[in-house]
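Participant: Chains as they are written, first to last, in the working numbering: chain A, 393 to 717; chain B, 393 to 717.
2 protein chains.
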Amino acid sequence: MANIKEIARIAGVSVTTVSRVLNNHPYVSEPKRAAVLQTIEQLNYARNMNAVHLSTGRTGTVAVILPYINLFYFSVVMDGLAHEALLAQYRLILCQSNYDADEELKVLEMLRNKEIDGVVVVSTALQPEVIEEYTGYGPVVTCQNNGERRFSSVYIEHYAAFWHGLEYLKNKGYRKIGYCEGRQNGSSATIRQSAFHAFLTEHNLPCRQEWMVFDCLKEEDGAAVARSLHQMEERPEVFIVTGDHVAAGLIIEARKHGLRIPQDVAVMGFDNQPIGRLLDITTIDNHLYDMGAAAFRIIHEQIRTGNRQPVYRKLDYVIIERGTV
Amino acid sequence: MANIKEIARIAGVSVTTVSRVLNNHPYVSEPKRAAVLQTIEQLNYARNMNAVHLSTGRTGTVAVILPYINLFYFSVVMDGLAHEALLAQYRLILCQSNYDADEELKVLEMLRNKEIDGVVVVSTALQPEVIEEYTGYGPVVTCQNNGERRFSSVYIEHYAAFWHGLEYLKNKGYRKIGYCEGRQNGSSATIRQSAFHAFLTEHNLPCRQEWMVFDCLKEEDGAAVARSLHQMEERPEVFIVTGDHVAAGLIIEARKHGLRIPQDVAVMGFDNQPIGRLLDITTIDNHLYDMGAAAFRIIHEQIRTGNRQPVYRKLDYVIIERGTV
DNA sequence: GTAGCGTATGAAATGCGTTCCATAGCAAGC
DNA sequence: GCTTGCTATGGAACGCATTTCATACGCTAC
Numbered sequence: 393m394a395n396i397k398e399i400a401r402i403a404g405v406s407v408t409t410v411s412r413v414l415n416n417h418p419y420v421s422e423p424k425r426a427a428v429l430q431t432i433e434q435l436n437y438a439r440n441m442n443a444v445h446l447s448t449g450r451t452g453t454v455a456v457i458l459p460y461i462n463l464f465y466f467s468v469v470m471d472g473l474a475h476e477a478l479l480a481q482y483r484l485i486l487c488q489s490n491y492d493a494d495e496e497l498k499v500l501e502m503l504r505n506k507e508i509d510g511v512v513v514v515s516t517a518l519q520p521e522v523i524e525e526y527t528g529y530g531p532v533v534t535c536q537n538n539g540e541r542r543f544s545s546v547y548i549e550h551y552a553a554f555w556h557g558l559e560y561l562k563n564k565g566y567r568k569i570g571y572c573e574g575r576q577n578g579s580s581a582t583i584r585q586s587a588f589h590a591f592l593t594e595h596n597l598p599c600r601q602e603w604m605v606f607d608c609l610k611e612e613d614g615a616a617v618a619r620s621l622h623q624m625e626e627r628p629e630v631f632i633v634t635g636d637h638v639a640a641g642l643i644i645e646a647r648k649h650g651l652r653i654p655q656d657v658a659v660m661g662f663d664n665q666p667i668g669r670l671l672d673i674t675t676i677d678n679h680l681y682d683m684g685a686a687a688f689r690i691i692h693e694q695i696r697t698g699n700r701q702p703v704y705r706k707l708d709y710v711i712i713e714r715g716t717v
Numbered sequence: 393m394a395n396i397k398e399i400a401r402i403a404g405v406s407v408t409t410v411s412r413v414l415n416n417h418p419y420v421s422e423p424k425r426a427a428v429l430q431t432i433e434q435l436n437y438a439r440n441m442n443a444v445h446l447s448t449g450r451t452g453t454v455a456v457i458l459p460y461i462n463l464f465y466f467s468v469v470m471d472g473l474a475h476e477a478l479l480a481q482y483r484l485i486l487c488q489s490n491y492d493a494d495e496e497l498k499v500l501e502m503l504r505n506k507e508i509d510g511v512v513v514v515s516t517a518l519q520p521e522v523i524e525e526y527t528g529y530g531p532v533v534t535c536q537n538n539g540e541r542r543f544s545s546v547y548i549e550h551y552a553a554f555w556h557g558l559e560y561l562k563n564k565g566y567r568k569i570g571y572c573e574g575r576q577n578g579s580s581a582t583i584r585q586s587a588f589h590a591f592l593t594e595h596n597l598p599c600r601q602e603w604m605v606f607d608c609l610k611e612e613d614g615a616a617v618a619r620s621l622h623q624m625e626e627r628p629e630v631f632i633v634t635g636d637h638v639a640a641g642l643i644i645e646a647r648k649h650g651l652r653i654p655q656d657v658a659v660m661g662f663d664n665q666p667i668g669r670l671l672d673i674t675t676i677d678n679h680l681y682d683m684g685a686a687a688f689r690i691i692h693e694q695i696r697t698g699n700r701q702p703v704y705r706k707l708d709y710v711i712i713e714r715g716t717v
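#1: Decide yes or no for the touch test of the segment 666-676 of chain A against the segment 692-699 of chain A: beta carbon pairs closer than 8 Å, at least 3 of them.
#2: In the DSSP assignment, find the alpha helix (DSSP H) that holds VAL532 of chain B and state where it starts and stops.
#3: Since THR675 of chain B sits in a beta bridge, which residues does DSSP pair it with?
#4: Taking only three categories from DSSP, how would you classify LYS564 of chain A?
#5: Just reading off the alpha helix (DSSP H) that ALA387 of chain A is part of, what are its end residues?
#6: So which residues of chain A does LYS506 of chain B contact, with C-beta pairs closer than 7 Å?
#7: Would VAL710 of chain A be called buried (16 or more neighbouring beta carbons within 10 Å of its own) or exposed?
#8: Any chance you could list the alpha helix (DSSP H) runs of at least 4 consecutive residues sitting entirely within the segment 579-659 of chain A, in chain order?
#9: Using a Cβ cut-off of 8 Å, which residues of the segment 630-651 of chain B contact any Cβ in chain A, in chain order?
#10: Measure the Cβ-Cβ separation of VAL469 of chain A and TYR704 of chain A and say whether it is below 9 Å.
#11: By the 10 Å Cβ neighbour count, where 16 or more other Cβ atoms means buried, how is GLN481 of chain B classified, buried or exposed?
#12: I need the boundaries of the beta strand (DSSP E) containing VAL405 of chain A, first residue and last residue.
#13: Check GLN719 of chain B in the structure and name its three-state DSSP category.
#14: Against LEU486 of chain A, what residues of chain B qualify as contacts under a CB-to-CB distance less than 7 Å, listed in chain order?
#15: Assign LYS706 of chain B to buried or exposed, taking buried as 16 or more other Cβ atoms, counted over all protein chains shown, within 10 Å of its Cβ.
#16: Could you have a look at ARG483 of chain B and say whether DSSP puts it in helix, strand or coil?
#17: Since ARG542 of chain A and PRO702 of chain A should fall inside the 8 Å C-beta cutoff, what is the C-beta to C-beta distance between them, to a whole number of angstroms?
#18: Apart from the five residues on each side of it in sequence, which residues of its chain come closer than 6 Å, Cβ to Cβ, to GLY570 of chain B?
#19: Counting only the same chain and skipping the five closest in sequence on each side, list residues whose C-beta sits under 6 Å from that of GLN576 of chain B.
#20: Quick one: which residues of the segment 654-670 of chain A get their C-beta closer than 8 Å to a C-beta of chain B? List them in chain order.
#21: For ASN678 of chain B and chain A, any beta-carbon pair shorter than 9 Å?
#22: Based on Cα-Cα distance, which residue from B:GLY578, B:GLU398, B:VAL532 lies nearest to LEU503 of chain B?
#23: Could you confirm whether any beta carbon from chain B is found closer than 9 Å to the beta carbon of SER467 of chain A?
#24: Answer with buried or exposed for TYR529 of chain A, where buried requires no fewer than 16 other C-beta atoms within 10 angstroms of its C-beta.
#25: Look at the alpha carbon of THR453 of chain A and the alpha carbon of HIS649 of chain A, and state the distance between them as a whole number of angstroms.
#26: Starting from CYS506 of chain B, trace the beta strand (DSSP E) in both directions and tell me its first and last residue.
#27: THR448 of chain A to GLU507 of chain B, Cα distance in whole Å?
#28: What do you get for TYR361 of chain A, buried or exposed, if any count of 16 or more other CB atoms within 10 angstroms of its CB means buried?
#29: Counting beta carbon pairs with one atom in the segment 424-442 of chain A and one in the segment 489-503 of chain A, are three or more of them shorter than 8 Å?
#30: Could one say the Cβ of SER489 of chain A lies closer than 9 Å to chain B's Cβ atoms, at least one of them?
#31: Assuming HIS637 of chain A contacts ILE676 of chain A (C-beta within less than 8 Å), just tell me the rounded distance between them.
#32: Considering only DSSP beta bridges, list what TYR704 of chain A is partnered with.
#33: Does the separation of the CB atoms of PRO459 of chain A and SER545 of chain A fall below 9 Å?
#34: Quick one: using the 10 Å Cβ neighbour count with 16 as the cut-off for buried, is SER580 of chain B buried or exposed?
#35: Determine, using beta carbons only, whether LEU609 of chain B and ALA587 of chain B come nearer to each other than 9 Å.
#36: Can you name the start and end residues of the alpha helix (DSSP H) that VAL522 of chain B belongs to?
This is how it looks when you write it as structure tokens:
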């Protein structure tokens, strides 16, 4: 297969000139430019990008670490990332890690190995200290609040958002509050739990173990919560649920069992998903698409300028009042 | 930063020996291996993968083209792809093309430029003939039936599946059949449309323009169909809807307007989504996860063996009988 | 004894484009 | 007339690991 050297030979110019044409650099006379382009055409030349990457030390590629692409939360963040990447002519490598720390570490190693120009960590099994060790090799942006670290972050204040949601419920007159959470030990889940407990304590609200349900990841998990309502000695008046799809499961199943929403059990969701809009679920929108888009813009800027000063970008959230509370 | 040459110098061996250690090749004595490993450790050496890619002509990366990651259909296929890629220690580049042919073409150019080892096209704005031009540069697998082309495919028989669904409806006694489709000119959409028309004609069933609705991509589009039912002179008895989320929108909105499912209007969905299970929607499962997984396995096998013989893998589908028909 | 094979090791070629540096012609500026 | 600066062009160094080929030692087999 043809290479730049052969193009140069046939076009009667130096490889430098060919490279200049290829990269639209100035200082190439029109006749030579034409000769090069014609030769490229003629030989059906294709640049070997691996040589370009080796030579430039850049790849125009950013890796994204997330646990599951097939969850609303992550696919929306990915949408924002992918949209911005396309605009910037950047490539995204997707690592669906399933929270496997080893796999996530491999992605950071890719940064060290110059395979990628940066890493966006949407959610991670890794400790911030581990990530910090790699910041010398290129920019890293996480979509979680890690405090002031040597890498950037775009984040929602989970504590404040959750607290806000709870306040909203309390102001509506609810006192018995249930809580459906995803992974018990997720980093944002942990924050929400502490907000939950602090809120109940501060306002002297009742707290029952059975009103807190973990591992609510799918629609079906929400439905299971609805079914479990019958067994409860005392029922919560409202559930705050991290994910409208799970809230939808809860609501639909509860209705099947004759419960009225919100009279018999109210529900507040998260993420402002289409299904939530459909079921008129009161929810907290934390602008996931924007989170992905912002994360990409930050990392792109850092790659472009070489600026390693970390950026901490707080996103806002908004309670969308609808009919299930 | 250290490179292989420096490792060799300091460890007192040749670069060849270092490379052998790095790649676990045989014929390296224990003392030398140890010396190399120790030097690597000491200098905190990281291999420059761009040099490896240049040298080997491989990158261990496959690109995936799909229009939107944030649609159930595609995120499930992606899940299957990503899972298999992880097992095979392969990287996936995600191109969210938004059906932009130029962007999709750029991905094929990446194959030509040796940036990637193969391409999986989940859905595309490109013509098969265009894709065929690139098969000389590496394996391509599409997730659509393109007939017998010079590239592989993993596909569902959309015609047969849709026909089957219609037959199921007819056997249940429905005669007035409505149809909600996604993009009117999508390749699988076109196939389903012809199946739809052929079926109605063959069984002499009524066909009304207003019973066919296109651009039903989101939940809200299904809801809009439900709202439009009032304006119809005559209502269909059942809708066949390409996507359970759209069917869900239709069903939930219809119920809001006092319609009973399936008595007043029945609904058959597609894709066997969690929301469909929740709402007890009769649906056709066409094994999207398996499609992604199979696509990756095929392309991986072709990369591994260098075999360019295209594979055409037909997947089966199954009607899941539930309560909305 | 010597042909043959497995182990061990390194020199050098190979993959290929970018970019720094040097050179040179020509025009504008003073 | 001489300096300065812009346009144009190419040689050569640089980025870095893989792999083929040649060489050499030691041991077994006949």
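Note that the Cβ used here is the ideal one computed from N, Cα and C, for glycine as well.
Facilitator: Once the coordinates are examined:
#1: Note that the segment 666-676 of chain A does not touch the segment 692-699 of chain A; fewer than 3 beta-carbon pairs, one per stretch, sit closer than 8 Å.
#2: Taking the second sequence and counting its residues from 1, one reaches residue 532 of chain B at position 140. Going by DSSP, VAL532 of chain B is part of no alpha helix (DSSP H) but of the beta strand (DSSP E) stretching over 532-534.
#3: Numbered from its first residue, the second sequence carries residue 675 of chain B at position 283. Bridge pairing for THR675 of chain B: B:GLY661, B:ILE712 [DSSP].
#4: By one-based count along the first sequence, residue 564 of chain A stands at place 172. Here LYS564 of chain A sits in coil by DSSP.
#5: Lying before the first or after the last residue shown, residue 387 of chain A is absent from chain A, which here runs from 393 to 717.
#6: Here the question's residue 506 of chain B lines up with position 114 in the second sequence. The answer, in chain order, is ASN440, MET441, ASN442.
#7: The sequence position of residue 710 of chain A within the first sequence is 318, counting from 1. Counting of Cβ neighbours within 10 angstroms places VAL710 of chain A among the exposed residues, the total staying below 16.
#8: Listed in chain order, they are 579-594, 611-620, 636-648.
#9: Going along the segment 630-651 of chain B in chain order, one finds HIS637, ALA640, GLY641, ILE644, GLU645 with a Cβ nearer than 8 Å to chain A.
#10: The residue labelled residue 469 of chain A in the question sits at position 77 within the first sequence. The residue labelled residue 704 of chain A in the question sits at position 312 within the first sequence. At the C-beta level, VAL469 of chain A and TYR704 of chain A stay beyond 9 Å of one another.
#11: By one-based count along the second sequence, residue 481 of chain B stands at place 89. By the beta-carbon neighbour count (other beta carbons within 10 angstroms, threshold 16), GLN481 of chain B is exposed.
#12: The residue you call residue 405 of chain A lines up with position 13 of the first sequence. VAL405 of chain A -> no beta strand (DSSP E), and no H or E assigned at all.
#13: With chain B covering only 393 through 717, there is no way to say anything about residue 719 of chain B.
#14: Here residue 486 of chain A refers to the residue found at position 94 of the first sequence. Taking a Cβ-Cβ threshold of 7 Å, the residues of chain B close to LEU486 of chain A are ALA474, LEU484, LEU486, in chain order.
#15: Position 314 of the second sequence, counted from the first residue, corresponds to residue 706 of chain B. Counting C-beta atoms within 10 angstroms of its own C-beta, LYS706 of chain B has fewer than 16 neighbours from the protein chains shown and is therefore classed as exposed.
#16: Counted from its first residue, the second sequence places residue 483 of chain B at position 91. ARG483 of chain B: strand per DSSP, three-state reduction.
#17: Reading the first sequence from its first residue, position 150 is the one you call residue 542 of chain A. Reading the first sequence from its first residue, position 310 is the one you call residue 702 of chain A. About 6 Å separates the two Cβ atoms, so the contact holds.
#18: As a first step, residue 570 of chain B is located in the second sequence; it is residue number 178 there, counting from the start. Correct list, in chain order: TRP603, PRO628, PHE631.
#19: Counting from 1 along the second sequence, the entry for residue 576 of chain B is found at position 184. PHE606, listed in sequence order.
#20: Cβ contacts with chain B come from PRO666, ILE667, ARG669, LEU670.
#21: Counted from its first residue, the second sequence places residue 678 of chain B at position 286. Judged by the 9 Å Cβ criterion, ASN678 of chain B is not in contact with chain A.
#22: For the purposes of this step, residue 503 of chain B is identified with residue 111 of the second sequence, where counting begins at 1. Ranking B:GLY578, B:GLU398, B:VAL532 by Cα distance to LEU503 of chain B puts B:VAL532 first.
#23: On the first sequence, position 75 is the one that residue 467 of chain A refers to. The beta carbon of SER467 of chain A falls within 9 Å of a beta carbon belonging to chain B, placing the residue at that interface.
#24: By 1-based counting over the first sequence, the position of residue 529 of chain A is 137. A residue is called buried when at least 16 other Cβ atoms come within 10 angstroms of its Cβ; TYR529 of chain A meets this threshold and is buried.
#25: Residue mapping note: residue 453 of chain A aligns to position 61 of the first sequence, counting from 1. Residue mapping note: residue 649 of chain A aligns to position 257 of the first sequence, counting from 1. Pairing THR453 of chain A with HIS649 of chain A, the inter-Cα distance amounts to about 51 Å.
#26: Here the question's residue 506 of chain B lines up with position 114 in the second sequence. In the sequence on display, residue 506 of chain B carries Lys and not Cys. Taken as a continuous stretch (DSSP letters only), LYS506 of chain B belongs to no beta strand (DSSP E), as it is neither H nor E.
#27: As a working note, residue 448 of chain A is residue 56 in the first sequence. As a working note, residue 507 of chain B is residue 115 in the second sequence. Computed Cα separation, rounded: 14 Å.
#28: Because residue 361 of chain A is not part of the residues shown, which for chain A are 393 to 717, the question remains open.
#29: The segment 489-503 of chain A vs the segment 424-442 of chain A: no contact.
#30: For this step, residue 489 of chain A is matched to residue 97 along the first sequence. At least one CB of chain B lies nearer than 9 Å to the CB of SER489 of chain A.
#31: Here the question's residue 637 of chain A lines up with position 245 in the first sequence. Here the question's residue 676 of chain A lines up with position 284 in the first sequence. Not confirmed; about 14 Å, so no contact.
#32: Along the first sequence, one-based indexing puts residue 704 of chain A at 312. Paired residue(s): A:SER545.
#33: The residue you call residue 459 of chain A lines up with position 67 of the first sequence. The residue you call residue 545 of chain A lines up with position 153 of the first sequence. Going by C-beta atoms, PRO459 of chain A is not nearer than 9 Å to SER545 of chain A.
#34: Locating residue 580 of chain B in the second sequence gives position 188, counting from the first residue. SER580 of chain B comes out buried.
#35: The residue given as residue 609 of chain B occupies position 217 in the second sequence. The residue given as residue 587 of chain B occupies position 195 in the second sequence. If you check the CB distance, LEU609 of chain B and ALA587 of chain B do not come in under 9 Å.
#36: If you number the second sequence from 1, residue 522 of chain B lands on position 130. For VAL522 of chain B, the enclosing alpha helix (DSSP H) begins and ends at 520-524.
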